[in-house]
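Reminder that position 114 of the sequence shown reads as 114 in my numbering, one-by-one numbering, no gaps. No residue lacks a Cβ here, since even glycine has one placed at the ideal position from N, Cα and C. Quick notes on the structure that follows.
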Amino acid sequence: MQKLVTFKAFTTITSTAPISRNQHGYRAKCLQRLIRMGLPVPRTVALAFDTVERIVAGRLPDVRDLLAGFGDGPLVSVRASSQNPAWGGPASVLNIGMNDARHAALCETLGVAAASALYLRFIQTYAVRAVHLDAALFDPGIEDGPAAVAAALRAYEAETDSHFPQDPEEQLVGVLRSMARAWMSTSARLLRQARGAPVGAGLGLVVQEMALGVGATESGAGIIQFIDPTTGRPQITGRYKSQSQGRDAMRAGEGAMYLTRDPRGPSLQDLCPQIFDQLVSHGEALRTRLRDEMQIEFTIQADRLAVIDAVTVPRSARAAVQVVVALAEDEVITRNEALLRIAPRALNEVLHPLIDPDTPRQVIVRGIAASPGAAAGKLVFSSATAQAMAAQGEACILAKRETSPEDVRGMHAAHGVLTERGGVTSHAAVIARGLGVPCVVGASHLSIDKKARTLRTADGQLLREGDLITLDGTTGEVLSGAVPMLQPALDDAFETFLGWADDMRDIGIRVNADTPADALLGARFAAEGIGLCRTEHMFFAEDRLTAMRELIFADLPADRSEALSRLLPMQRADFTEIFRIMAGKPVCIRLFDPPLHEFLPHDRQGMLDLAEALGRPFTEVQRRIESMREYNPMLGLRGVRLGLTVPEIYDMQARAIFEAALDIEAGGDAPVVPEIMLPLVSACREVEIVKTRIEAVAAAVAGERGVEPVFRLGVMVETPRAALRAGDIARHCAFLSFGTNDLTQMTYGLSRDDAGRFMGSYVRQGVFPEDPFHTLDREGVGELLTLGASRGRAARPELVLSICGEHGGNSESIAFCRDAGFDHVSCSPYRVPLARLAAAQIALKSADAG
Ligand code: PEP
Ligand code: MG
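Given below as structure tokens:
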């Protein structure tokens, strides 16, 4: 054996030994806790992070001294112990110390088969993990027992030109080195960093005396936990397997038995009732002392229980919520701790169907995860087909190059939406999030042939209309076929948990709701009001679209007012319903925003149909549509610009809002003070002009009804100029709401609909740390936000400030807005629960920091 530089850098874990999570890792610390509680933990030695670092550098601890504590002929295991279990670590190695002599001795006590199985297992593991030989060389084939051991030893010798190490010290050195180096490998580092580990995250190791799990009297190994890991409800789950080691019992179909009495087969409770009872009482004690639901790894050796390890039970998000609520209700942890233990993002899993994590994934294409949840259905390529499928009760996934406002009904009908183009704030993404429909956008490696109704993936796979696919809007993956799903569960624990969040947070959470259905969802998720109601979405229903098109084509004021008089009652009915649903909570209605030509057909057939519907010549329809075409519609005649050039639309909307609010009050429902918001403002004068008209409408309604409508006027800050001029603008309005989708687009000069094509490459190259449409750009867009907020407040101290772009539901943006003194954030319905939790965590952390 090579001469090694040695130093003593290990600590035997006892109840008083100086073991800390920051130096020895979670496992070492947890084992010490188990020892303190008097659990039967085999002798364990912990190697600290710096020891493992030195091992990588070639400096080994004094392994002779280390092993001396384990007696003559030591037999040990080594396990990883990083600071956080989520960061992973190299797999455990068992049975270090097995050699020819030990094998011969164990043949006497355990029997030849059991002893040979142990030795063989160790030779294979050592050869592959410590010496990096090919695993296939050690495939025992048809041989077992001593013959298989001899074959493995021969294979080792042939490959390495040396005997299989017989010295336990040498074996341990090999294992420690390989585990330490595995932790430093690039792939392990990237993986743990993706899970939140810092760059210099250390690895500790624990060396533990083997509790063999094999022997003449009852011996074996198992796992026990006290909740159902999917639901989180109390239930003993796990497995035990006689004559086994480690986690063997958890491998399906290998003769493992149930833990509790079970009609389907033998159980540990029947086989070893006393040990079973001990495990149950250990489980109860662990829950209280370690303040979590723990999974115990145990071994029975010659009828005696050994607790090898305990880790927090891996669990679904739904189970995680259930567990923290139960722990807080049992006063094991505080409510604040419960709130801090769940990542807001994890709630997506509770709110949406999820692909069963045990299902193998056959990914056919990847795109940008735009709206969470999973959906399976038949592939369709047009909104009309999606609606037809929905009418027949069939689930479908709508695949389009990109979507436009005309697709809203098709998207609503579809179970999922897939687009070839677009980013996280593209039309498809925004609408899908609002509807709660899983969505993947910017899947640029697929090509859709709308005419042939086919979709071709990058590797040449051709899918046709009607083929089954599954979309995972949480990961951005598209899978072939329909795969099993886990359904969402909004149970009592979920409601209780978010109620606690509401008690803690100090920033308002509203919902972006365009329809009564959205409003219902927002109210269901306890949003404090509507922060953005995009009224244009109300015009895409079949009956309204026609009236809208008539309005656009009207040449004379009389024709316009005729079309508007048909739209007015529809709008009024929309608002009345939304006001009623929100039951007195504030509702912020944004006046019409999109360019008018979005309501017009662009294909020949559509134009022909329109010409027929309007009774106008086709050529005139074609010419009018052509004349409205804009080179850059996002920066063209939209938002308040439309309000100034075709003012009748805003007049009609203001009237509908006032009448609806007065109707609500007259009908005995909770009164509402509507908020009217002007989109895409860039000049103060725009606000002045529109405000005057809206006040005139209010005066007219007051004259007709004998009651003065009450309302609050606000401006959407979504152009850089509006942010810069917020001081002037604030003099004319009660609130400013930052539309960070357009503001990001205009600050960067980056099209929100096209950025998806190259965003991945930009982020990979570090040009942008994140997609700015997804994570608020604090430096640039953020500066406009703080600037706008402070200039606005300086001019009008009581000015209400909010954000209503897609960033509204995101933790970092909420923290930013809270720091900047905003009153509320508003986000799509399914993000409301996440935002409620995120806001509570931000308040808790800032109280801690202060
Ligand atoms: C925005 O621009 O941030 C916004 C909320 O408006 P929209 O997404 O409808 O343009
Ligand atoms: Mg906008």
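| Asked | Found |
| --- | --- |
| Whole alpha helix (DSSP H) elements within the region 805-834, 4-residue minimum | 811-819 |
| Whole-angstrom distance between Thr719 and Ser627, CA atom to CA atom | 26 Å |
| Cβ distance (whole Å) where Ser826 is taken to contact Val380 below 8 Å | Wrong, their Cβ atoms sit about 32 Å apart, outside the cutoff. |
| Alpha helix (DSSP H) segments (min. 4 residues) lying fully within the region 52-110 | 63-68, 100-109 |
| Beta-carbon separation (whole angstroms), Gly204 vs Leu47, contact threshold 8 Å | 6 Å |
| Chain C within 9 Å of Pro647, Cβ atoms only | Going by chain labels, chain C is absent from the structure shown, which holds only one protein chain. |
| Any non-hydrogen atom of the ligand PEP closer than 8 Å to Val332 Cβ | no |
| Unbroken alpha helix (DSSP H) run spanning Pro557, endpoints | 557-582 |
| Same chain, Cβ closer than 6 Å to Leu327, neighbours up to 5 away in sequence not counted | Ile333 |
| Pair within 9 Å by beta-carbon distance, Gln208 and Val45 | yes |
| Coil, strand or helix - Lys845 by DSSP | helix |
| Distance, Asp492 Cα to Arg318 Cα | 11 Å |
| Three or more C-beta pairs below 8 Å linking the region 388-407 and the region 532-550 | yes |
| C-alpha distance - Ile507 paired with Cys30, whole-angstrom precision | 38 Å |
| Pocket of the ligand MG defined by Cβ to heavy atom distance under 5 Å | Glu718, Gly739, Asp742 |
| For Val478: DSSP bridge partner residues | Val365, Leu471 |
| Residue span of the beta strand (DSSP E) that contains Ile448, given as start and end | 447-449 |
| Exposed unless 16 or more other CB atoms sit within 10 angstroms - verdict on Ser631 | It is Tyr, not Ser, that sits at residue 631 in the sequence shown. Counting Cβ neighbours within 10 Å, Tyr631 comes out exposed, since fewer than 16 surround it. |
| Identity of the residue in Pro594, Trp500, Pro488 nearest Arg534 by Cα | Pro594 |
| Alpha helix (DSSP H) segment containing Glu686, residue limits | 684-705 |
| Rounded C-alpha distance that separates Gly481 from Asp65 | 58 Å |
| Span of the beta strand (DSSP E), counted from its first residue to its last, around Ile552 | Where Ile552 is concerned, there is no enclosing beta strand (DSSP E), although the alpha helix (DSSP H) it sits in stretches over 542-553. |
| Minimum C-alpha distance to Lys451 - residue among Gln166, Arg464, His445 | Arg464 |
| Pair within 9 Å by beta-carbon distance, Ile509 and Arg818 | no |
| beta-carbon Leu532 near the ligand PEP non-hydrogen atom, thresh 8 Å | yes |
| Test item: CB-CB of Ala201 and Gln171 under 9 Å | no |
| Proximity of Glu851 and Ser447 at Cβ, strictly below 9 Å | Any answer about residue 851 is impossible in this case: the structure gives the chain only from 1 up to 850. |
| Selection from Met389, Asn84, Gln83, Ala699 that minimises the alpha carbon distance to His412 | Met389 |
| Completely contained alpha helix (DSSP H) runs for the region 104-187, where each covers 4 or more residues | 112-125, 145-160, 168-184 |
| Where the beta strand (DSSP E) containing Glu519 begins and where it ends | Note on identity: in this sequence residue 519 is Ala, with Glu being the wrong assignment. Per DSSP, Ala519 belongs to no beta strand (DSSP E); it is in the alpha helix (DSSP H), 516-524. |
| Beta-carbon proximity list for Thr775, same chain, < 7 Å, skipping 5 on both sides | Asn810, Glu812 |
| Sufficient close CB pairs (3 or more, under 8 Å) joining the region 765-783 to the region 432-442 | no |
| Inter-stretch contact at 8 Å, needing at least 3 Cβ pairs: the region 275-289 / the region 184-196 | no |
| Rounded straight-line distance, which links the Cα of Gln225 to that of Tyr26 | 18 Å |
| 3 or more residues per run - each beta strand (DSSP E) lying fully within the region 390-435 | 396-400, 416-419 |
| Contact test: Met716 Cβ vs the ligand PEP heavy atom, cutoff 8 Å | yes |
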